[in-house]
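Count along the sequence shown from 1, add 24, and you get the number used in my numbering.
Contents: one structure, followed by commentary.
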Amino acid sequence: MKEEIAKVMTMVQEGKIDVEKATELLQVMRGDDTQNQSEKSSDYYRKMLKVQVVSTERDNIYVNVPINLVKAVLKAGVGIASKVPQAEMYVKDIDIDLLLQAIDNEIDGKIVDVTSANGDKVSVVIE
Numbered sequence: 025m026k027e028e029i030a031k032v033m034t035m036v037q038e039g040k041i042d043v044e045k046a047t048e049l050l051q052v053m054r055g056d057d058t059q060n061q062s063e064k065s066s067d068y069y070r071k072m073l074k075v076q077v078v079s080t081e082r083d084n085i086y087v088n089v090p091i092n093l094v095k096a097v098l099k100a101g102v103g104i105a106s107k108v109p110q111a112e113m114y115v116k117d118i119d120i121d122l123l124l125q126a127i128d129n130e131i132d133g134k135i136v137d138v139t140s141a142n143g144d145k146v147s148v149v150i151e
């Protein structure tokens with residue numbers, strides 16, 4: 025099911041479907057299994073968003089953030105950041121609703137895995 029959710033998110037990013045249609049598709053895919061959903065949710069919100077940057081210059085960064093904190097910051101932080109001139113250009117193209125939907129739909133696993141031309145590596149994982 026996680027693969028199907030990721031496909032729906034990709035379709036939204038590519039403009040093939042709008043957010044309303046994506047929400048409808050996700051609701052159909054999730055079904056009415058509310059008891060299992062609440063059990064899953066409690067486990068899911070114990071997970072961490074892990075960001076790892078490994079630099080060829082040994083400027084390595086490891087950040088672990090609880091998913092429930094990520095969700096709260098996404099809701100509050102973008103409104104604040106969009107009002108700060110220096111930060112506005114970085115947050116204006118971020119689809120916060122899509123990120124919140126991903127969290128609500130309990131997406132986990134590797135989200136980003138990038139290696140730059142000079143060998144720096146960035147990895148973002150929910151586990």
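From the three backbone atoms N, C-alpha and C, an ideal C-beta is built for every residue, glycine too.
CA-to-CA distance, residue j to residue i, given in whole angstroms
i      : j      : result
Val148 : Ile120 : 17 Å
Glu112 : Val138 : 24 Å
Met53  : Val89  : 28 Å
Leu123 : Gln51  : 16 Å
Gln59  : Tyr68  : Here Gln59 scores only 46 on pLDDT, less than 50, and its place in the model is too uncertain to base an answer on.
Leu73  : Tyr86  : 11 Å
Lys134 : Ile150 : 7 Å
Asn84  : Asn142 : 14 Å
Glu81  : Thr34  : 34 Å
Ala30  : Lys40  : 14 Å
Beta-carbon proximity list for residue i, same chain, < 6 Å, skipping 5 on both sides
i      : result
Lys145 : Val78, Thr139
Asp56  : Unreliable placement is indicated for Asp56, whose pLDDT of 46 sits below 50; the coordinate value is still reported in the next sentence. None.
Thr47  : none
7 Å CB neighbourhood of residue i in its chain, flanking five on each side removed
i      : result
Glu28  : Met53
Val136 : Val146, Ser147, Val148
Leu49  : Val32
Leu98  : Ile120, Leu123, Leu124
Continuous beta strand (DSSP E) stretch holding residue i: start and end
i      : result
Ile150 : 145-150
Asp137 : 133-139
Ile85  : 85-90
Lys74  : 72-78
Where the alpha helix (DSSP H) through residue i begins and ends
i      : result
Val52  : 43-54
Ile127 : 120-128
Contact check, residue i vs residue j, beta carbons under 7 Å
i     : j      : result
Asn91 : Lys71  : Position check: residue 91 holds Ile in this sequence, whereas Asn was assumed. A contact, by the Cβ cut-off of 7 Å.
Lys95 : Ile131 : no
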